[in-house]
Amino acid sequence: MDRSVAMALLCLSLVGSALAAQSIEVKSWFPENPTNEFLPGKEVKAVLGLHNAGSSALNVSYGAGLLASPYDANQVLLNFTTQYLNNIPLAPQQEASVDYTLHFPTQVPPHEFLLKLVLYTTVDEQLEGHLVYNQTIFVIEPALWIDLQLIGLYLIGLAVLALAGYFGLGWAKSKGYVKKTRKSKLTKTAPGPADKSDYLKGTHGHEFLRKRSGKLSD
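Under mature numbering (1 follows the signal peptide of the UniProt record, and there is no 0), the letters of the sequence shown match residues -20 to -1, 1 to 198, in that order.
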């Protein structure tokens, strides 16, 4: 075998060993945003599940993120703040989880974006970046408690129902299905006696008045 080819293979094997020694497996998810829909002006917590699949110990140092155009991944639209992750130590085959918080500014318009999350680890003071999330997300408008369009449709629906009920009642009356209610006549009561003493006939009050009127006439 040619010596130059052997040296090249040796270099490739050393590079592969170095990458394997620093390899880390990461699973990321958004517990509060499982549909990958985010609101502007809100903080979003990303959970990163880590597994050191290499043969060397490492430290989890930083987390960073950015928004890129979904049509051109190289067109960076927004850089999120780099967050220090306290240099969490990970021995070979050890697992851990960290939280990385993203803050979406209120100026971010409702649209789809490409979200990239990068995790930085250190081995022997050498910093290495790992792309741990690279998917399309959606920034959506916040839902309004009062939707004017829905209110308008609701009022129109009520008006249509009221109009249909009015014409339906008129049609039912014309067909005799609904009879008109007749007004009840008021019965007049006969007036009482002009002499209030008539109300007292047969009572002690009547006898008292009769005697009193007799005395007055004397």
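Quick reminder that beta carbons are idealized off the backbone N, C-alpha and C, glycines included.
- How would you write the range of the beta strand (DSSP E) that Ala123 sits in, first residue to last? Here residue 123 refers to the residue found at position 143 of the sequence shown. Unbroken run through Ala123: none, as it is neither H nor E.
- Among the residues of its own chain, which have a CB less than 7 Å from the CB of Val56, if the five just before and after it don't count? In the sequence shown, residue 56 corresponds to position 76, counting from 1. Result list for Val56: Leu46 and Ala48, in chain order.
- Query: Which term fits Asn67, buried or exposed, when burial requires 16 or more other beta carbons within 10 angstroms of its beta carbon?
  - Reply: On the sequence shown, position 87 is the one that residue 67 refers to. It counts as exposed.
- Mapping DSSP to helix, strand and coil, what is residue 218? No answer is possible for residue 218: the residues shown for the chain start at -20 and end at 198.
- Message: Mapping the DSSP letters down to three states, classify Tyr134 as helix, strand or coil.
- Response: What you label residue 134 is simply residue 154 of the sequence shown in a count that begins at 1. Under the three-state reduction of DSSP, Tyr134 is assigned to helix.
- Item | Cβ-based burial, Asn54 [other Cβ within 10 Å; buried from 16] | If you number the sequence shown from 1, residue 54 lands on position 74. By the 10 Å Cβ count, Asn54 comes out exposed.
- Taking C-beta to C-beta, are Pro85 and Gly21 nearer than 8 Å? Taking the sequence shown and counting its residues from 1, one reaches residue 85 at position 105. Taking the sequence shown and counting its residues from 1, one reaches residue 21 at position 41. Yes, the Cβ-Cβ distance between Pro85 and Gly21 is below 8 Å.
- Counting Cβ pairs closer than 8 Å, one from the stretch 78 to 93 and one from the stretch 112 to 124, do we hit at least three? At 8 Å Cβ cutoff, the stretches touch.
- Message: If contacts are defined as beta-carbon pairs under 8 Å, then Glu75 and Leu38 qualify, I think. What distance do you get, rounded to the angstrom?
- Response: Taking the first residue of the sequence shown as 1, we reach residue 75 at position 95. Taking the first residue of the sequence shown as 1, we reach residue 38 at position 58. Actually they do not touch by this definition, with Cβ atoms about 13 Å apart.
- Message: Could you give the first and the last residue of the continuous beta strand (DSSP E) run that contains Ala44?
- Response: For this step, residue 44 is matched to residue 64 along the sequence shown. Per DSSP, Ala44 is one residue of the beta strand (DSSP E) stretching across Leu38 to Ala48.
- Query: Which term fits Gly34, buried or exposed, when burial requires 16 or more other beta carbons within 10 angstroms of its beta carbon?
  - Reply: Counting from 1 along the sequence shown, the entry for residue 34 is found at position 54. So Gly34 counts as buried.
- Task: Please state if the CB of Ala123 and the CB of Tyr80 are separated by a distance shorter than 8 Å.
- Result: Numbered from 1 along the sequence shown, position 100 holds the residue referred to as residue 80. Numbered from 1 along the sequence shown, position 143 holds the residue referred to as residue 123. In this structure, Ala123 does not lie closer than 8 Å to Tyr80 by Cβ.
- Message: Quick check on this structure: which residue in Leu135, Ser36 and Ala44 has the alpha carbon closest to the alpha carbon of Leu65?
- Response: Here residue 65 is taken as the residue at index 85 of the sequence shown, counted from 1. Distances from the alpha-carbon of Leu65 to those of Leu135, Ser36 and Ala44 put Ala44 closest.
- Message: Within a Cβ cutoff of 6 Å, which residues of the same chain sit near residue 218, ignoring the five residues on either side of it in sequence?
- Response: Outside the shown range of the chain, which is -20 to 198, sits residue 218, and nothing can be said about it.
- Message: Taking its Cβ as the centre, do 16 or more other Cβ atoms sit within 10 Å of Tyr146, making it buried, or is it exposed?
- Response: Taking the sequence shown and counting its residues from 1, one reaches residue 146 at position 166. Tyr146 should be labelled exposed.
- Closest residue to Ala71 among Ser77, Leu58 and Ser36 (Cα-Cα distance): Your numbering for residue 71 matches position 91 in the sequence shown. In terms of CA proximity to Ala71, Ser36 leads the group Ser77, Leu58 and Ser36.
- Message: What does the Cβ neighbour count give for Asn32, buried or exposed, with the cut at 16 atoms within 10 Å?
- Response: Working through the sequence shown from its first residue, we reach residue 32 at position 52. Looking at its Cβ environment, which holds 16 or more other Cβ atoms inside 10 Å, Asn32 is buried.
- Query: Since Lys153 sits in a beta bridge, which residues does DSSP pair it with?
  - Reply: Position 173 of the sequence shown, counting from 1, holds the residue named residue 153. Partner residues in a beta bridge of Lys153, as assigned by DSSP, do not exist.
- Would you mind stating whether Val98 and Val40 have Cβ atoms separated by less than 8 Å? Within the sequence shown, numbered from 1, the residue matching residue 98 stands at position 118. Within the sequence shown, numbered from 1, the residue matching residue 40 stands at position 60. No, they are not a contact pair.
- Cα-Cα separation, His110 to Leu28: Against the sequence shown, residue 110 aligns to sequence position 130. Against the sequence shown, residue 28 aligns to sequence position 48. Going by the C-alpha atoms only, they are around 12 Å apart.
- According to DSSP, is Ala26 helix, strand or coil? Locating residue 26 in the sequence shown gives position 46, counting from the first residue. Looking at Ala26 - three-state DSSP - the assignment turns out to be strand.
- Distance between Ile131 and Gly137 (C-alpha atoms, nearest Å): Taking the sequence shown and counting its residues from 1, the one referred to as residue 137 is at position 157. Taking the sequence shown and counting its residues from 1, the one referred to as residue 131 is at position 151. For Gly137 and Ile131, the gap between their C-alpha atoms comes out near 10 Å.
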